[in-house]
Amino acid sequence: MSWSTPPYLLADVSVRRVMLQVLVALLPGIAAYVWLIGPAIILQLLIATLAALLGEALMLRLRRRPLLLFLTDGSAIVTAWLVALAFPPLSPWWLTVVGVLFAIVVAKHLYGGLGQNPFNPAMIAFAACIVSFPALMSQWPALGLRLSLAEQFGIIAGLAPRVDAMSGATPLDALKTALKLGDGAVDVPTLLATQEVFGNFAGRGWEWVSTGYLLGGLWLWQRKVITWQAPAAFVGGLSLLAGILWAWNPQQFANPLFHLFSGGSLLGAFFIVTDPVSGSTTFRGKLIFGFLAGAIAYVIRVFGGYPDGVAFAVLLMNLCVPLIDMYTQAPIFGMKNPK
Amino acid sequence: MTHYIFLLVGAVLVNNVVLVKILGLCPFMGVSRKLETAFGMGAATTFVLTVATGASYIIDRYLLLPFGLEYLRTLSFIVTIAAIVQLTEMVIQKTSPLLHQVLGIYLPLITTNCAVLGVPLLNIANRHDFVESLLFGAGSAIGFSFVLVLFAGIRERVEGADVPPHFRGAAIAMVTAGLMSLAFMGFAGLDRYQ
Amino acid sequence: MISALAIMALGAVVLGAALGYASIRFRVEGDPLVEKIEAILPQTQCGQCGYPGCKPYAAAISAGEADINLCPPGGMDGVRKLADLLGREVKPLEAEEKPKQIAIIDEQTCIGCTLCIQACPVDAIVGAAKQMHTIIEPLCTGCELCVKPCPVECISMQPIAENIDNWKWKYPVFEIKRAA
Amino acid sequence: MLAKLFRFKGGVKPQTNKAISVHEPIGRAPLPARLFVPLHQSIGGAPNPLVQAGDSVLKGQLIGAADAWVSAAVHAPTSGRVLAVEEHVAAHPSGLPTLCVVIEPDGRDEWIERRPVDHHSLPPERVRELLRDAGVVGLGGAAFPSHAKLTPARAVAMEHLVINGAECEPFMTCDDMLMRERADEIVRGIAIFRELLSAREVLIGIEDNKQEAIAAMQEAVLRLAPDYRVVAVPTRYPAGGAKQLIRVLTGKEVPASRRSTELGVQCFNVATVYTAYRALACGEPVLSRIVTLTGNVERPRNWEVWLGTPMREVVALARPRADSSSFLMGGPMMGFEIPDLDAPVVKATNCIIAASPALFPPPPPEMPCIRCGACAEACPHELQPFELYWFARARNFGKTQEYYIFDCIECGCCSYVCPSHIPLVQYFRFAKSEIWAREREKQAADAAKERFELRNARAEREQAEKAERLARAASAKASEKRAPPDPGNKPAPESAPAVDQPPAAAGEVAMTAGDAEAIRKAAIAAAIERARSQRESAQPRNTDRLSAGQQREIAAVEARRAARSTAATAAASGTAAATDSGGAAVPPAGSRRDD
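Chains as they are written, first to last, in our numbering: chain A, 1 to 339; chain B, 1001 to 1194; chain C, 2001 to 2180; chain D, 3001 to 3595.
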């Protein structure tokens, strides 16, 4: 009597496989990232993975849960990678570690581990770190900065001085700062056309990283790991708001394409708002969740005090998930036309 | 007009009375175990807080200021709030037993809700006029109710989660409130956008 | 100073008058809470809580005189429901929680004294003087009130056996633990 | 023949494994040495045994009569002697015993007199009764008494009669073989049901992986009843669920809260129809059923098995392989592990599968739910299994009902697709049985409360009556006494102030002890009665929830007043009245605790 609950037939699926597919889907984006920045991001991914596994192991040990089973489910690694990809690539090693540990220990395991966290752990890590270490979290490598592997390693390990050239900004931040400094004298189209940091349609090089995420996301959708509602609604919410303001005043507001392909928009759309644990689960709920997350992300990144708003937007929508789910339950079989 | 909207939205989200100003934590932690009670508490607080801001403004403007009795502000506000809460409870109990069943037990709790005292005092500190005071009061109250309901939703869900034994109950609620506060920090700076 | 006193006094009088008037004008009697509490209690009428029946206990809880953990037949489940209703903390049960039981009369020993019939709060015992008594099993609440009065100790409490009709599917985790 | 088909949402497509057991025709299983015929084989009331140990029975003889409308009779499958009517392990996941009639066959297989009837000539009620007494129940596995499903709704015209030959469970082929071999009887049986329900249209749904069965049924329909439609439905589990098949064939959705007849549709399994035909046209009650023996066995095949045959003997027919670790009754999706092979075959036993770890690998360890929604995609009833699971696991049963746990048909699709390998169905069954248990408890509590209150009311009434009697007797006696004025007797009013003194004070009154006693008792009782009526009539609002102590006080006050006003009953002691009333109103256990 080794098992006794029906059904006795099970499909060949597992959490591990789901997580592995998510990791695979991140690879195109990572490849573009390496091409853009250099191998530093690989190092960050390794640091994050290690920290995540250690944190996970520690928490599982403390909570007396089976170690091997949960360490190999891949969920900690997904969180770690998302943290590493959201953080600036040359942030000091301890920042990544702090972020990952905060995600794993506080956002995940205090709520009972896999599947029980109401907030997206990676986004909690990002929000906590940008609030606690705002300077470090906005130091992005300046464009065209070509550092050797040893130099990058030195910076991340804290051995080499953080060179001045590194205090660059993301295209989003650059645009915001320029607009603020220009105080009405500069306009977006000129900025986009003249400054080197803004590449073909978003930020130089960054648009390809985003394209990588887009490809990975589409693959996940094709593999049925994620559904289309949340990403589509996120993209829709973001571009709708961006489109309206752009149409109203193209001098002051960048076009939707710029917003979609810069910052964490597409990473968020395909890998963050699709997180089933902290996201909405109903058909309409996913649409609402994605749309509002996109809209809030836009508002925060354009009007708010932070360079990007995806993390905060997702967290704010995570807050609303129980209510959204409750009020968007689809009618069940036989209850569609109550007479 | 935009000024008023900014004030209202600012009070609801950006300067959320619970998650940003960290006022009114006792009912926030205490009455958020279930969604229905959170709704009840939210509605009751919204009513009382709005009335209290108006009453406090009138008392301050026409009673305390003319006589130079600013130093009695806290005292007189507390008394006023307590009286309003009591009156409200009695009236509701008599006129609508149904509503009283929903709100009844939360009403007395509002007396001890520091947000209800804090918001009128903030009004005076920010030199709001009567309309602004009311708007700020209503906005704060709506913000309070909003996060209370969201918090209750999450707590109901976390209730079923496999939370480590030491963190069950109040501890995980505190952690959740902290993370919510973190999320609301995303709104920082929005009300200063020009 | 005088004006301060005067104004505070005025405030006190006005508010006091308003409250006083309201407390007369809007007076309400009755306590709907008792019924809600009673609905949770198991209605065994056993008196193990120290109150004569479930309703008095409900009234005592509502009045704040009694704790919520005094009802052994209700079990921890009942305590939890009461805590939920009243917003109090869940406490461990005062007495030990027992499985559901019913009383069984040993019909050989019964002398037909009718004492148990008088003790039974739900009229679940039939019999007449000098005649053998028996318990109507579906009506027995397992309150144990009939056990003590019996002069020949012929009443015993027996746990209700599991049968196909009251059998329940078990919480699955145990089986999984075994399987793993 | 082309019909418009509808789709039900969800569903899964597991390996069907049906081909292995259809090579051989249906075999007739031998009679075992002992038959254990359970009396309770259907949903609803348990039939009462009509035989006792030592009786001899004939084949087809009624041994258990239906005891309610929703209940079905049970018959002796062969002639022989009743050895016992006793508890025997049941074909039930619990492995608990149930009341069985144990029959030792005499080998003669001697029929009781069979009375075929022509259902046209009988009123529908009579036909339904005959079906009940023939023990016709749903043979798809649910064992719901069929006659109870054969009453059309009054308000709604019966549109469709759906005949379920879909048989979507993997491994199972008993309906398939039945349709191949006995299509004529099935079609004739359908005619009976159609007439009873006066259904407009008959739809026979068969999954499209059973081409032979479809052909056989089409051939029979063409010959016997050309207006029936045999419809091939896409193979997708659980297309054979009654509600899913109704949806696929008619587009109607029957929620758990409604009966299908209210929507003008009813559904029966092919085997049920077959037995109904045998019951009426041949007068043969349900004595056997077709059981698929398959799985990890040498000789998978369908057998017609006598009800009551111990499963051990049935299983032996298929020669299970040595590594068979357990046996399942029903299909692999919804069946259960047979706890004890001594359990007999019953009307619900459609399939016995020998399981081995190779055939059904034990599930990987259960992981936490990641809310991926795969279960919701697969759920044919469009529920949210992950939410149900979340609340069932936390034992929050109220919430599970908000998420419609009772619409769950336990088909197992959710567990099948769950990447975390959570035994979801098990959680739902757990929640359902807990909810039922609670409802039972609640009902018992309500009944107990009612009885307790009735008892209290009766006690009060009896006391009042007694008091009245005594009071009458006392006043009669008093007036008798007063008539000849007794100089030695102190005037009553003088002793009135002595209310708070112990009753011994009454000794001063020059009266015979017996009289004094009677009068005192009467006074007390009268006082109680007055107090009670006062309580009931005067201020019901603030006095109906008094503590025992308060009741005592009031009774004391009332008694005192009574003592003052009634001159004659001077010696009435307030304290005595008070203690009496306090003690009478409450059981002794708690009466002193709340002082």
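All C-beta atoms, glycine included, are put in the ideal place defined by N, C-alpha and C.
Among C:Pro2052, C:Arg2088 and C:Ile2104, which one has its Cα closest to the Cα of C:Asn2069? The residue you call residue 2069 of chain C lines up with position 69 of the third sequence. Minimum Cα-Cα distance from C:Asn2069 among the listed residues C:Pro2052, C:Arg2088 and C:Ile2104 corresponds to C:Arg2088.
Could you check whether D:Val3297 and D:Arg3319 sit closer than 8 angstroms to each other, using their CB atoms as the reference points? For the purposes of this step, residue 3319 of chain D is identified with residue 319 of the fourth sequence, where counting begins at 1. For the purposes of this step, residue 3297 of chain D is identified with residue 297 of the fourth sequence, where counting begins at 1. Yes, the pair counts as a contact, with Cβ atoms nearer than the cut-off.
In angstroms, rounded to a whole number, what distance separates the CA positions of D:Thr3400 and C:Glu2038? In the fourth sequence, counting from the first residue as 1, residue 3400 of chain D sits at position 400. In the third sequence, counting from the first residue as 1, residue 2038 of chain C sits at position 38. Approximately 24 angstroms between the Cα atoms of the pair.
In whole angstroms, what is the alpha-carbon distance linking B:Val1158 and A:Ser14? To locate residue 1158 of chain B, count along the second sequence from 1; it is residue 158. To locate residue 14 of chain A, count along the first sequence from 1; it is residue 14. Computed Cα separation, rounded: 24 angstroms.
Is there a C-beta anywhere in chain F that falls below 8 angstroms from the one on D:Arg3182? Given the protein chain composition of this structure (A, B, C and D), no chain F is represented.
Tell me which residue opens and which closes the alpha helix (DSSP H) that A:Val100 is part of. For the purposes of this step, residue 100 of chain A is identified with residue 100 of the first sequence, where counting begins at 1. Segment Trp93 to Leu101, the alpha helix (DSSP H) holding A:Val100.
Compare the Cα-Cα distances from C:Pro2151 to each of C:Ile2105, C:Val2014, C:Leu2082 and C:Leu2086 and report the closest residue. Counting from one through the third sequence, the residue named residue 2151 of chain C turns up at place 151. When only C-alpha atoms are compared, the closest one is C:Ile2105.
List, in chain order, every chain B residue whose beta-carbon is nearer than 9 angstroms to that of D:Ala3394. On the fourth sequence, residue 3394 of chain D is found 394 positions in, with the first residue counted as 1. Correct list: Glu1159, Gly1160 and Ala1161.
Cβ neighbours of B:Ser1133 in the same chain (closer than 6 angstroms, five flanking residues each side left out): On the second sequence, position 133 is the one that residue 1133 of chain B refers to. These residues qualify, in order along the chain: Thr1053, Tyr1057 and Asn1123.
Is the number of C-beta pairs between the region 3322-3334 of chain D and the region 3349-3365 of chain D that are closer than 8 angstroms three or more? By the criterion of at least three beta-carbon pairs nearer than 8 angstroms, the region 3322-3334 of chain D is in contact with the region 3349-3365 of chain D.
Could you check whether the Cβ of C:Leu2093 sits closer than 8 angstroms to any Cβ belonging to chain B? For the purposes of this step, residue 2093 of chain C is identified with residue 93 of the third sequence, where counting begins at 1. For C:Leu2093, the answer is no, since every Cβ of chain B falls outside 8 angstroms of its Cβ.
Nearest chain C C-beta to B:Ala1083 closer than 8 angstroms, yes or no? Along the second sequence, read from residue 1 onward, the residue named residue 1083 of chain B stands at position 83. Chain C, which has a Cβ nearer than 8 angstroms to the Cβ of B:Ala1083, makes this yes.
With C-beta atoms as the reference, is D:Val3037 less than 8 angstroms away from D:Pro3077? The residue you call residue 3037 of chain D lines up with position 37 of the fourth sequence. The residue you call residue 3077 of chain D lines up with position 77 of the fourth sequence. Going by C-beta atoms, D:Val3037 is nearer than 8 angstroms to D:Pro3077.
Flag B:Val1149 as yes if its beta-carbon sits less than 8 angstroms from any beta-carbon of chain A, otherwise no. The residue given as residue 1149 of chain B occupies position 149 in the second sequence. For B:Val1149, the answer is yes, since a Cβ of chain A falls inside 8 angstroms of its Cβ.
Hey, A:Phe87 and A:Gln44: beta-carbon distance below 8 angstroms or not? Mapped onto the first sequence, residue 87 of chain A falls at position 87. Mapped onto the first sequence, residue 44 of chain A falls at position 44. Going by C-beta atoms, A:Phe87 is nearer than 8 angstroms to A:Gln44.
Taking the alpha-carbon positions, what's the D:Pro3310 to D:Asp3055 distance? In the fourth sequence, residue 3310 of chain D corresponds to position 310, counting from 1. In the fourth sequence, residue 3055 of chain D corresponds to position 55, counting from 1. Per the coordinates, the alpha-carbon of D:Pro3310 lies some 21 angstroms from the alpha-carbon of D:Asp3055.
Taking just the CA atoms, how far does B:Ala1125 sit from B:Ala1055? By 1-based counting over the second sequence, the position of residue 1055 of chain B is 55. By 1-based counting over the second sequence, the position of residue 1125 of chain B is 125. Rounded to whole angstroms, B:Ala1055 to B:Ala1125 spans 16 angstroms at the Cα level.
8 angstroms Cβ cutoff, B:Met1029 in contact with chain C: For the purposes of this step, residue 1029 of chain B is identified with residue 29 of the second sequence, where counting begins at 1. Output row for B:Met1029: interface = no.
Using a Cβ cut-off of 7 angstroms, pull out every chain C residue sitting near D:Ser3433, in sequence order please. Your numbering for residue 3433 of chain D matches position 433 in the fourth sequence. Neighbours of D:Ser3433 on chain C, chain order: Lys2168 and Trp2169.
Chain-ordered residues of the region 1061-1086 of chain B with a beta carbon less than 7 angstroms from chain C: The residues in question are Leu1063, Phe1067, Leu1069, Leu1072, Ser1076, Val1079, Ala1083 and Gln1086.
Closest residue to D:Pro3123 among D:Leu3196, D:Ser3433 and D:His3381 (Cα-Cα distance): The residue you call residue 3123 of chain D lines up with position 123 of the fourth sequence. Among D:Leu3196, D:Ser3433 and D:His3381, the Cα nearest to that of D:Pro3123 is on D:Leu3196.
Could you tell me the distance, in whole angstroms, from the CA atom of A:Pro66 to the CA atom of A:Leu60? Sequence index remark: in the first sequence, residue 66 of chain A carries index 66 (1-based). Sequence index remark: in the first sequence, residue 60 of chain A carries index 60 (1-based). A:Pro66 and A:Leu60 have their C-alpha atoms spaced approximately 7 angstroms apart.
Tell me, please, which residues DSSP counts as bridged to C:Thr2134. To locate residue 2134 of chain C, count along the third sequence from 1; it is residue 134. Bridge partners of C:Thr2134: C:Val2126.
Spell out the partners DSSP gives D:Glu3304 in its beta bridges. The count along the fourth sequence starts at 1 and reaches residue 3304 of chain D at position 304. Looking at the DSSP output, D:Glu3304 bridges to D:Arg3028 and D:Ile3290.
Sequence-distant residues of the same chain with beta carbon closer than 6 angstroms to A:Met317, five excluded per side: Residue mapping note: residue 317 of chain A aligns to position 317 of the first sequence, counting from 1. Phe289, Leu292 and Ala293, listed in sequence order.
Are D:Glu3337 and D:His3421 touching if we call contact CB-CB under 8 angstroms? Taking the first residue of the fourth sequence as 1, we reach residue 3337 of chain D at position 337. Taking the first residue of the fourth sequence as 1, we reach residue 3421 of chain D at position 421. Going by C-beta atoms, D:Glu3337 is not nearer than 8 angstroms to D:His3421.
Can you find a C-beta in chain A that's less than 8 angstroms from the C-beta of B:Ile1154? As a working mapping, residue 1154 of chain B is identified with position 154 in the second sequence. Yes, because at least one Cβ of chain A sits closer than 8 angstroms to the Cβ of B:Ile1154.
Need the endpoints of the alpha helix (DSSP H) that B:Met1090 sits in, please. Within the second sequence, the letter at position 90 stands for residue 1090 of chain B. Here the alpha helix (DSSP H) through B:Met1090 covers Arg1073 to Thr1095.
Between D:Ala3281 and D:Arg3188, which are expected to be in contact by the criterion C-beta below 8 angstroms, what is the C-beta distance as a whole number of angstroms? Taking the fourth sequence and counting its residues from 1, one reaches residue 3281 of chain D at position 281. Taking the fourth sequence and counting its residues from 1, one reaches residue 3188 of chain D at position 188. D:Arg3188 and D:Ala3281 do touch by the CB rule: their CB atoms are close to 7 angstroms apart, below 8 angstroms.
Please report whether the beta-carbon of C:Gly2011 lies at a distance below 8 angstroms from any beta-carbon of chain B. Start at 1 with the first residue of the third sequence, and residue 2011 of chain C comes out as number 11. It does; some Cβ of chain B falls within 8 angstroms.
Host alpha helix (DSSP H) of A:Ile47 (start-end): As a first step, residue 47 of chain A must be located in the first sequence, where it is residue number 47. For A:Ile47, the enclosing alpha helix (DSSP H) starts and ends at Ala40 to Arg63.
Output needed for A:Phe126: all residues of its chain with C-beta closer than 6 angstroms, excluding positions within five of it in sequence on either side, in chain order. As a first step, residue 126 of chain A is located in the first sequence; it is residue number 126 there, counting from the start. If we look at A:Phe126 and ignore the five residues flanking it on each side, its Cβ neighbours are Ala86 and Ala311.
Along the chain, where does the alpha helix (DSSP H) that runs through D:Gln3015 open and close? Taking the first residue of the fourth sequence as position 1, residue 3015 of chain D is located at position 15. From DSSP, D:Gln3015 is part of no alpha helix (DSSP H); its letter is neither H nor E.
What would DSSP say about D:Phe3268, mapped onto helix, strand or coil? Locating residue 3268 of chain D in the fourth sequence gives position 268, counting from the first residue. For D:Phe3268, the secondary structure class from DSSP, reduced to helix, strand or coil, is strand.
Considering only DSSP beta bridges, list what D:Met3329 is partnered with. Sequence index remark: in the fourth sequence, residue 3329 of chain D carries index 329 (1-based). According to DSSP, D:Met3329 shares a beta bridge with D:Phe3336 and D:Ile3352.
Proximal residues of chain B, C-beta to C-beta of C:Ala2007 below 7 angstroms: As a position in the third sequence, residue 2007 of chain C is number 7, starting the count at 1. Note that residue 2007 of chain C is Ile in the sequence shown, not Ala. Ordered by position in chain B, the residues that pass the 7 angstroms Cβ test against C:Ile2007 are Leu1063, Phe1067 and Leu1069.
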